[in-house]
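Okay, structure first, notes after.
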Amino acid sequence: MIEVWPGEPYPLGATWDGRGTNFALFSEHARKVELCLFDAEGTESRLVVPEQTDLVWHCYLPGVGPGQRYGYRVHGPYVPTRGLRYNPSKLLLDPYAKAIDGDVRWDDTLFAFPPKAGEERDLRRDRRDSAHGMPRCVVIDPAFDWGDDRPPRIPWHETVIYETHVRGMTMRHPEIPPEIRGTYTAMASPPILEHLRTLGVTAVEIMPVHHFVNDRHLTERGLTNYWGYNSIGYFAPDCRYSSRGATGGQVAEFKHMVKALHAAGLEVILDVVYNHTAEGNHLGPTLCFRGIDNSSYYRLVAENRRFYMDFTGCGNTLNMSHPRTLQLIMDSLRYWVLDMHVDGFRFDLAAALARELFEVDRLSAFFDIIAQDPVLQRVKLIAEPWDVGEGGYQVGNFPNGWAEWNGKYRDTVRDFWRGADRTLGELASRFTGSSDLYEHTGRRPYASINFVTSHDGFTLNDLVSYNHKHNEANGESNRDGDDHNRSWNCGVEGCADDAEVQALRARQKRNFVTTLFLSQGVPMLLGGDELGRTQHGNNNAYCQDNEISWFDWQGADREMLDFTRAVIRLRREHPVFKRRKFFQGRPIKGFGVDDIKWFTPEGDEMSEDHWQVDFAKSLTVFLFGDGILQPNEHGQRIHDDSFLVMLNAHHETMGFAVPAVEGLGSWVKILDTSEPVPRTGERYEEDDEVTLQGRSLVVLRHAG
């Protein structure tokens, strides 16, 4: 017999104290809760949780410790029209589980209602046991030797983000032992750390590692939810990325990865999915939240609480207006910062988190709570500022303290370099930090996370190689994925043997990378773009856990890698490309020179008429670097060189006149995207002509 003590209602979850484990589970409407313990053979023992305090069911089991597998069965009314979906036949995961062992093994018993019973089948309760198909929660030992681990705390304006995937980055690296590829340990291996260090990025944004569920429709097609945007455990690092086992080893292994990345000077940003869960809509499985307290955790339709509000396109939306749901998310965020030492978060479909009723509220409870939290104030917070609901595109509308994925930057830069008309004015706004989106609320250029490509869409190589998506491998007849990619294949769809097409594509990739890293704001590079990674035209590889998504290290484009390193180094060495404040567009006191000026290719200062020319695709921007920047963190005045950046998105070669800028006459070429290794050192004087190939970019530095 297992001894059961009353225990405590806090903290929620399973907490081992060295002598036993306290279990605590919130459920507002439950009538009875059973704690289910599983031995090594999978035999289940059920214990009635005896105590309830403030809607939290709790008990303490002396002698129960790390490695113990467990779950819950929750009793209560099954009235879907009232939002109540209790079914004790279904084993449930603990929302606060720190580790989860295994994946869902799909069959009809995972659903709380009988199969094949018509459109209203969810109104009847199915009494078959689901335990055989469910993963198990695991009690963990949280002890870990962090040593002298310190967060790098890179200032926002110095940040360079690298978006990547644990498996995708490490599965094919020839220097990583096969037995650890695809794991947290592989992400912390010397070859990966050396690549990131020499590339020059400062933060690794890791795609979702919260324990997630592989969708049934994917597993039945032999595919998997590779991206992981299908969370079910907000405290548990997914065991599928563990080389140390699934009974707690994944927690220590994740911590080791963070410690190693920190030691290499890299921040760790987690891509998190708090907007929805893997349980889907009213016809989805019962795995966790739905069976514990459906009406508290999820947004339900007021007129008929059988149905779910869906601002995410995934069937459900978490109920951010309920205090216990807010607590869950805040507890999860603090856990990853305090216990797991991560440095920030990128919030998937963050606009869904702001919906108090139906409208997106910039000052909703979620953002108010984060703004006053002493832990979360210290980390980087990044919003994907849209969802699929009405008014869901909220770029520029998030509160102070938040940065945002700037989708307008992505679209504008893509349009400019593919030669779209009427892009000059928009490009100028995006290149200079999107002050039209952020300055009016007192935010800085680094509120803009600039990107050209991300996990969702074409890779950089495919952006210049395909006009159309090619997602046939996903098994949906190429219906999935975005049809409007703003891509251009340079004249040939897909692989091309033509040398001119290959050269143009390489130049376009260099144009995109250079524009990205010379723009004001925070650049984000899609992992693998520096290597020329291709997905063969698949712009929605969410289900491709294979060579479509994995980095091809041995086939890497070394010229592209070297070029990307050089451009990142240029940004790092020159503060004028990473200002803390927006340009003023007027003479700087004490210098008599504007901090920024725009010129036509003829060397004339841009007038309003010039900006309105529909077909214009070329211009020069002058960036004045000497003496205009803010003091650095040590109070020292920062001085920098001045630069001319010449952009020619026209398809023909053009001559650009070196414009007349007060007191600055001599210039030297330091970068030319028409060449993989640009010839530098060419000097130019005022009114000299610089020849730019069609679709190329040149950078001149003031020679002093």
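With the numbering used here as the guide, the letters of the sequence shown map in order to residues 523 to 1226.
A virtual CB, placed ideally from N, CA and C, is assigned to each residue, including glycine.
Using DSSP with H/G/I as helix, E/B as strand and the rest coil, what is residue i?
i	result
Arg-1217	coil
Gln-1247	The question about residue 1247 has no answer here: the residues shown for the chain are numbered 523 through 1226.
Trp-1133	helix
Met-1176	strand
Cys-1227	Limits of the chain in this structure are 523 at one end and 1226 at the other, which puts residue 1227 out of reach.
Gly-837	coil
Ile-1150	Summary for Ile-1150: the model assigns pLDDT 48, below 50, so the residue's position carries little reliability; its value from the coordinates is reported in the next sentence. DSSP places Ile-1150 in coil when its eight states are reduced to three.
Ser-987	coil
Thr-847	helix
His-977	coil
Gln-916	coil
Glu-566	strand
Val-526	coil
Ile-714	helix
Lys-781	helix
Arg-643	helix
Asp-1162	coil
Met-1168	strand
Tyr-1064	helix
Asp-1210	coil
Ala-619	coil
Arg-965	coil
Ala-536	strand
His-597	strand
Lys-1103	coil
Trp-939	helix
Pro-584	strand
Glu-801	coil
Per the DSSP calculation, residue i is bridged to which residue(s)?
i	result
Ile-971	Trp-927 and Val-1044
Leu-486	Residue 486 cannot be examined here, being either before or after the span of the chain that is shown, 523 to 1226.
Arg-591	Phe-560 and Val-660
Leu-982	Answer is none; Leu-982 lacks a bridge partner.
Glu-1190	Per the sequence presented here, residue 1190 reads as Val, with Glu not at that position. BP columns for Val-1190 point to Arg-1205 and Arg-1223.
Trp-579	Leu-547 and Gln-574
Thr-686	Ile-728
Phe-734	Ser-753
Pro-696	In DSSP, Pro-696 forms no bridge with anything.
I need the straight-line Cα distance from residue i to residue j, nearest angstrom please.
i	j	result
Val-660	Tyr-931	43 angstroms
Thr-705	Ile-698	11 angstroms
Asp-1004	Gly-1216	29 angstroms
Tyr-1290	His-992	There is no way to answer for residue 1290, as the model of the chain reaches only from 523 to 1226.
Ala-782	Phe-757	21 angstroms
Tyr-1146	Met-842	Position check: residue 1146 holds Phe in this sequence, whereas Tyr was assumed. Their backbone Cα atoms lie some 46 angstroms apart in a straight line.
Gln-1152	Gln-772	With a pLDDT of only 49 at Gln-1152, under 50, the local geometry of the prediction cannot be trusted, and no value is derived from it.
Arg-694	Pro-700	9 angstroms
Asp-1131	Thr-945	14 angstroms
Asp-539	Ala-1088	51 angstroms
Met-1128	Gln-1134	10 angstroms
Asp-561	Val-586	11 angstroms
Ala-536	Trp-579	12 angstroms
Val-601	Leu-534	27 angstroms
Lys-1100	Tyr-592	50 angstroms
Leu-855	Ala-1021	50 angstroms
What do you reckon, are the CB atoms on residue i and residue j nearer than 8 angstroms?
i	j	result
Asn-983	Thr-1056	yes
Pro-1168	Leu-1219	The sequence shown places Met at residue 1168, not Pro. Contact: yes.
Glu-906	Trp-924	no
Pro-531	Thr-575	yes
Arg-505	Thr-1195	Outside the displayed range of the chain (523 to 1226) lies residue 505, so it cannot be described from this structure.
Gly-624	Leu-583	no
Thr-839	Asn-797	yes
Pro-1198	Ala-942	no
Glu-556	Leu-547	no
Gly-997	Leu-745	yes
Gly-1050	Asn-1007	no
Thr-834	Val-910	yes
Ile-754	Ala-800	yes
Is the Cβ of residue i closer than 8 angstroms to any Cβ of chain B?
i	result
Tyr-830	The displayed structure is made up of one protein chain only, and chain B is not part of it.
- Task: Evaluate contact between the region 636-651 and the region 670-682, counting only Cβ atoms and requiring at least three cross-stretch pairs below 8 angstroms.
- Result: Using a Cβ-Cβ distance cut-off of 8 angstroms, the region 636-651 and the region 670-682 are not in contact, since fewer than three pairs of beta carbons, one from each stretch, lie closer than that value.
- Query: Three or more beta-carbon pairs under 8 angstroms between the region 1044-1051 and the region 972-982, yes or no?
  - Reply: yes
- Query: Quick check: the region 759-773 against the region 869-876, are there 3 or more CB pairs under 8 angstroms?
  - Reply: In the pairwise beta carbon analysis, the region 759-773 is classified as not touching the region 869-876: fewer than three pairs are separated by under 8 angstroms.
- Could you say if the region 842-857 and the region 808-827 meet the contact criterion of at least three C-beta pairs nearer than 8 angstroms? yes
- Answer yes if the region 652-659 comes into contact with the region 609-616, meaning at least three C-beta pairs across the two stretches below 8 angstroms, and no otherwise. yes
- Message: Within 8 angstroms, do at least three Cβ pairs link the region 782-793 to the region 715-730?
- Response: With the cut-off at 8 angstroms, the region 715-730 and the region 782-793 touch.
- Message: Three Cβ pairs or more, each shorter than 8 angstroms: is that satisfied between the region 710-723 and the region 1080-1100?
- Response: yes
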